[in-house]
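Below is one structure, written out as structure tokens; the observations come after it.
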Amino acid sequence: MTEPDQARQNPVSTSPAPHGTQPPWLIVTLREVMVKAKDRSFLISTLVTLVLIVAGVVFNAYMSDRGNDYVVAVSSDAGESVVMLADEQGRADDGNTTFTPLVAGSDDDAREQVRSEEADAALLQGEGDTWTLVGKEDVPSGLSSGLGISLQGFALTANAAESGMSSAELLAGSELEESLLEGNAENQAVAAVAGFAFSFLFYLAALVFGLQIANSVVEEKQNRVVEILATAIPIRQLLYGKVMGNTVLAMIQLALYGGAALLALNITGTADLVGSIIPASGWFLVFFLFGFLILAAIWAVLGSLASRPEDLNNNSMPVMALIFAALAAGLFASGQLLVVASYVPVVSSVAMPIRLLSTDVALWEPIVALLIALVTAVALLHLGEKIYRRAVMQGGSALSLRKAMKLEQ
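Numbering (my numbering), first residue to last: 1067 to 1475.
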């Protein structure tokens, strides 16, 4: 039944809403939000995700604060000096790795202390200024690297003293600094962490809420609820309401997840880089809004083409490929590939915020990318509306996109 026919049977559906009443799409939007707000599985999954995010932040803070305490058996004053130097280096720059020397009377005693696990390893000085690090079954990499660096510093100081020079004079001209043509090293590190967070959140929201939209459309189509709704409101208003309702839910979830992560970062004292992430997070929310509108329209159309939930597995490959492309761009794209991805609708939801974090981007670039995403969202919503109106009232077997376009409105 076409919308004009519906209008003749139900003039209320197309006539202007009486003063004080809500537009149909807003009613559907509120219905989508309220139904999900009362859905126990939705609330539980949201709560579990919040707990996992907070637990992940707390665990990361615990692991970063957790240091290693190494006990090293030594049998010479030089060995004790090397261990003490390693301890100074381990504690420097807010480090939390300690090296404690355990003095033994001989090399054999030092080996025995390792064998009895009183010491993690033994640092023994041999003939010809050779050194041996003895472990029981293995030598921890942190212990080996720490002692190796301190041993180099100890030998450098000793050799410099013998030559009548200071260690600084011997190292003159060996300093190496890093410089990036675009951005800086700190920005790159922040972008890597934020890129993972943005990509994961976008993937999660696009997949979870997208499937909810598609399954909701299929269920209403199977139960013929859509036919009842069509007698009260225009079909396109139903589509707009579903898209907007699930978009609102996705934005609320993102805000909850982001707020929980920021709270956990502040509580654990690991929020040093949050200040630089917040501006890009604002851009991410805006880009996410437009990108999700595009995906929501596609998911609704896929639901209208299906006749049962199982059909979604067959016709959802294009939208799944688009979601995976956004995930891959956030995790792996760099250089010119990241620049190109930052202008591709949906993919730009992740790529452009990462660019804003990692490099200096002119203000016009995210604005242009947003305009491209907005135009794409409007166009797909308009196209999706036509397909949705044609397919959602059709029962029987699943429809292809080509068949749906040939149907009468």
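Cβ coordinates follow ideal geometry from the N, Cα and C atoms, glycine included.
Contiguous beta strand (DSSP E) elements confined to the stretch 1164–1193 occur at 1164–1169, 1187–1191, taking only those with 3 or more residues. The C-beta separation of V1140 from A1176 comes to about 7 Å, placing the pair in contact by the 8 Å criterion.
With respect to the C-alpha of I1389, the residue from G1357, N1381, N1380 having the closest C-alpha is G1357. The beta carbons of L1190 and V1138 sit no closer together than 8 Å. Buried is the label assigned to L1368, since at least 16 other Cβ atoms lie within 10 Å of its Cβ. Under the Cβ criterion (8 Å, minimum of three pairs), the stretch 1398–1413 does not count as touching the stretch 1290–1302. In this structure, Q1319 and A1271 form a Cβ contact; the two beta carbons are roughly 6 Å apart against a cut-off of 8 Å. By the neighbour-count criterion, in which a residue is buried when 16 or more other Cβ atoms sit within 10 angstroms of its Cβ, W1430 is exposed. In the DSSP assignment, V1405 falls within the alpha helix (DSSP H) that extends over 1401–1407. If you look at T1297, you'll find it isn't in any alpha helix (DSSP H); DSSP assigns it neither H nor E. Here A1392 carries a helix assignment [DSSP, helix/strand/coil].
DSSP, reduced to helix, strand and coil, places V1200 within a strand of the structure shown. Three or more Cβ pairs closer than 8 Å define a contact, and the stretch 1402–1411 meets that threshold against the stretch 1432–1447.
In terms of Cβ geometry, E1184 and L1168 form a close pair [threshold 8 Å]. It is roughly 10 Å from the alpha-carbon of S1172 to the alpha-carbon of E1178.
For the options G1450, A1263, P1206, the alpha carbon positioned closest to that of V1123 is the one of A1263. Cβ contact annotation for A1362 (same chain, cutoff 8 Å, sequence separation greater than five): F1275, G1276, I1279, K1308, V1309, N1312, T1313, in chain order. In this structure, the straight-line span from the alpha carbon of A1260 to that of P1345 is close to 12 Å. Between Y1454 and A1366, the CB-CB gap stays under 8 Å.
At a Cβ-Cβ threshold of 8 Å, L1236 and A1226 count as neighbours. Short of 7 Å from the beta carbon of Y1306, and not among the five residues preceding or following it, lie these beta carbons of its own chain, in chain order: W1091.
When DSSP states are grouped into helix, strand and coil, D1195 belongs to the helix group. Inclusion of S1415 and F1353 in the CB contact set at 8 Å is warranted, their separation being smaller than that value. Within the stretch 1262–1307, complete alpha helix (DSSP H) segments of at least 4 residues are found at 1291–1296, given in chain order. Nearest neighbour of S1207 by Cα position, chosen from L1116, P1089, Y1136, turns out to be Y1136.
Its Cα nearest to that of S1142, the residue D1195 stands out among S1111, E1098, A1103, D1195. Annotation for V1444: the continuous alpha helix (DSSP H) segment containing it runs 1430–1457. When DSSP states are grouped into helix, strand and coil, A1330 belongs to the helix group.
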